[in-house]
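Visitor: To convert, note that position 99 of the sequence shown is 98 in numbering that gives the first Met the number 0; the numbers rise steadily by one, no gaps.
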Amino acid sequence: MESEEQDVEQPFCLSVKGLVKMLRLGVNVASVTFFIIAQAPEPYIVITGFELVIIFFFIALYMCRLDKVMKWLFWPLLDITNSIVATLFMLVVSVLALIPKPSTMAILGGVFCLLTAICAIADCALVYRKLLFNPSGPYRKSSSTYSKDESQ
Numbered sequence: 000m001e002s003e004e005q006d007v008e009q010p011f012c013l014s015v016k017g018l019v020k021m022l023r024l025g026v027n028v029a030s031v032t033f034f035i036i037a038q039a040p041e042p043y044i045v046i047t048g049f050e051l052v053i054i055f056f057f058i059a060l061y062m063c064r065l066d067k068v069m070k071w072l073f074w075p076l077l078d079i080t081n082s083i084v085a086t087l088f089m090l091v092v093s094v095l096a097l098i099p100k101p102s103t104m105a106i107l108g109g110v111f112c113l114l115t116a117i118c119a120i121a122d123c124a125l126v127y128r129k130l131l132f133n134p135s136g137p138y139r140k141s142s143s144t145y146s147k148d149e150s151q
């Protein structure tokens, strides 16, 4: 029997980052659906729909491992930027959807939009934490190892 060391990575869908992105996608789908059913103003539907497409893009990117192939773009920074912008947009849309006394479906759309913003904050925190503890990035292997003696 040959003993081979392979760098077996956990599939994206089973990682914490993947689960948070899938949760964000599901909550955003619910938000868009409620806004469409409630016949909410078009900007609510467009902004949440556009965010839905972007989340789907990142999930497809990470599932196909294209972030490992296209090393010329620093994907974690793009992911953090997307999460911050999505948080701002989703907070604005949820507040605007909840301020007037709309229908029940519009209220549910606003609540789910707020949950999408919370998921975006969690996603941003996970990516930032990964960058903080692995500054060289998951794409490069560092030849020098960081020992405990150097940190003290």
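Cβ atoms here follow ideal geometry from the backbone N, Cα and C, with glycine treated the same way.
These numbers come from a predicted model, not from an experiment.
Go through its chain and collect everything with a Cβ distance to PRO10's Cβ below 6 Å, but skip five positions before and after it.
Guide: So the list is empty, once near-sequence residues are dropped.
Visitor: Just confirm the distance between the C-beta atoms of VAL28 and LEU60, as a whole number of angstroms; I'd bet it's less than 8 Å.
Guide: Contact doesn't hold; Cβ gap of about 18 Å is too wide.
Visitor: Run through DSSP, which three-state label would PHE55 get?
Guide: Helix at PHE55.
Visitor: Could you pull out every unbroken alpha helix (DSSP H) segment of at least 4 residues lying fully inside the segment 10-95, listed in chain order?
Guide: Runs found: 15-36, 41-62, 65-68.
Visitor: By the 10 Å Cβ neighbour count, where 16 or more other Cβ atoms means buried, how is ALA111 classified, buried or exposed?
Guide: Residue identity check: residue 111 is Phe in the sequence provided, not Ala. It is buried - the Cβ of PHE111 has at least 16 other Cβ atoms within 10 Å.
Visitor: In angstroms, rounded to a whole number, what distance separates the CA positions of LYS129 and ALA39?
Guide: Going from the Cα of LYS129 to the Cα of ALA39 covers about 38 Å.
Visitor: Candidates ILE120, CYS12, PHE132: which alpha carbon is nearest ARG64's?
Guide: The option with the nearest alpha carbon to ARG64 is CYS12.
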